[in-house]
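**Q** Taken in order, these protein sequences are the chains called B and P.
In this text, residue positions in the first sequence follow full-length UniProt numbering: the first is 1, and each later residue adds one.
In this text, residue positions in the second sequence follow full-length UniProt numbering: the first is 1, and each later residue adds one.
Please read through the structure below; I'll follow up with questions.
Number of protein chains: 2
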Amino acid sequence: MALKEESYKDKKVITIGTVSEITGLSERQIRYYEERKLIFPERTQKGTRKYSFNDIEQLMEIVEKMEEGVQTYEIRKEMLRKEKQLNEKTVREQMIRGQLNAQFGIQKPR
Amino acid sequence: MALKEESYKDKKVITIGTVSEITGLSERQIRYYEERKLIFPERTQKGTRKYSFNDIEQLMEIVEKMEEGVQTYEIRKEMLRKEKQLNEKTVREQMIRGQLNAQFGIQKPR
DNA sequence: CGTGTAAGGAATTCTGACACG
DNA sequence: CGTGTAAGGAATTCTGACACG
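Structure representation (structure tokens):
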């Protein structure tokens, strides 16, 4: 798995002006979508927002939904739903892994 | 090839303050290494420097060299040398590809 | 609801220069 | 050579609010 590359995608290093340029959204819009809990930038010590490439992709998706007339609240619900599914999937996988380990896994030496 | 991921690495989106934070270098140092042609940030319309993750990695390497007592001029020479090697390799590969194409490649229909 | 805008302040970035060495 | 710093100006970002609807 390209873990190293992923770290670039998730690192919050981009200022709002640059995000605005890339996405074509106004800073007002970007801050508003944060208010509606659709994106979660980090803050520097002085309070400046920092976004990741992932945030930018998320914003692109939001733009598409908005163009379809979907409201921010609906977009948020959809996000939460998908997150929940992902969590359930992870739990399921870990349970299976746990059972496999119990039967065939490496045991601690006694 | 992970082209999409590479695009994150090469995209110039990070301001000098953030680069300074990540690398531990002062802004003065970062600007100086640019003056010595060791890194090549882009500029916004208003003149603000923008760096990529690649630039940050390059800076990390520069730091190591500097700690070994290597001067910026030497580091630059090394960079140019490596670049030249890469170019020669590419040319060589393309020549081989060209020859293969001439003998076995897809021909334009007559 | 989603977004524009003017307002005032704080933080960021830029350049050219002086300093030390 | 490599880096710190004070200087002055320009551009960025932030928040809370009013506006339209």
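C-beta: ideal position from N, C-alpha, C; glycine also.
Check the C-beta distance from residue 19(P) over to residue 75(P) and give it rounded, since I have them as a contact under 8 Å.
**A** 18 Å between Cβ atoms; not a contact.
**Q** Residues of chain P with a CB under 7 Å from the CB of residue 39(B): which are they?
**A** Within 7 Å Cβ-Cβ: nothing; residue 39(B) doesn't reach chain P, min ~16 Å.
**Q** Quick one: does residue 15(B) have its CB under 8 Å from some CB of chain P?
**A** Yes, its Cβ sits closer than 8 Å to a Cβ of chain P.
**Q** Could you give the distance in angstroms between the alpha-carbon of residue 63(P) and the alpha-carbon of residue 103(B)?
**A** Roughly 50 Å separates the two Cα atoms.
**Q** Within a Cβ cutoff of 6 Å, which residues of the same chain sit near residue 52(B), ignoring the five residues on either side of it in sequence?
**A** Cβ within range, chain order: 10, 11, 12.
**Q** Quick one: which unbroken alpha helix (DSSP H) runs of 4-plus residues sit fully inside the stretch 61-109 of chain B? Chain order, please.
**A** The qualifying runs are 72-104.
**Q** Determine the chain P residues that contact residue 23(B) at a beta-carbon separation under 9 Å, and present them in chain order.
**A** None at all; the shortest Cβ gap to chain P is about 12 Å.
**Q** Verify whether the separation of the beta carbon atoms of residue 169(P) and residue 50(P) is less than 8 Å.
**A** For chain P, the structure presents residues 1 to 110; residue 169(P) sits outside this window and is missing.
**Q** Which residues in chain P have a C-beta closer than 7 Å to the C-beta of residue 104(B)? List them in chain order.
**A** Those do not exist, as residue 104(B) stays about 34 Å from chain P at its closest Cβ, beyond 7 Å.
**Q** Cβ of residue 59(P) within 8 Å of Cβ of residue 25(P)?
**A** Going by C-beta atoms, residue 59(P) is nearer than 8 Å to residue 25(P).
**Q** Compare the beta carbon distance of residue 14(P) and residue 30(P) with 8 Å and say whether it is the shorter of the two.
**A** Result no, Cβ atoms of residue 14(P) and residue 30(P) do not sit closer than 8 Å.
**Q** Output yes if chain B places a C-beta closer than 8 Å to the C-beta of residue 90(P); else output no.
**A** No, its Cβ sits nowhere closer than 8 Å to a Cβ of chain B.
**Q** Is the shortest distance between the beta-carbon of residue 72(P) and the beta-carbons of chain B less than 8 Å?
**A** Residue 72(P) does not count as touching chain B.
**Q** Identify every residue that forms a DSSP beta bridge with residue 14(B).
**A** DSSP lists 51(B), 14(P) as partners of residue 14(B).
**Q** Tell me the DSSP secondary structure of residue 36(P) in three-state form.
**A** In this structure, residue 36(P) counts as coil in the three-state DSSP scheme.
**Q** Quick check on this structure: which residue in 33(P), 21(P), 38(P) has the alpha carbon closest to the alpha carbon of residue 44(B)?
**A** Of the listed residues, the one whose Cα sits closest to residue 44(B) is 21(P).
**Q** Taking the alpha-carbon positions, what's the residue 66(P) to residue 23(P) distance?
**A** Taking the straight line joining both Cα atoms gives about 14 Å.
**Q** Taking all protein chains shown into account, do 16 or more other C-beta atoms lie within 10 angstroms of the C-beta of residue 39(B), making it buried, or fewer, making it exposed?
**A** Label assigned to residue 39(B): buried.
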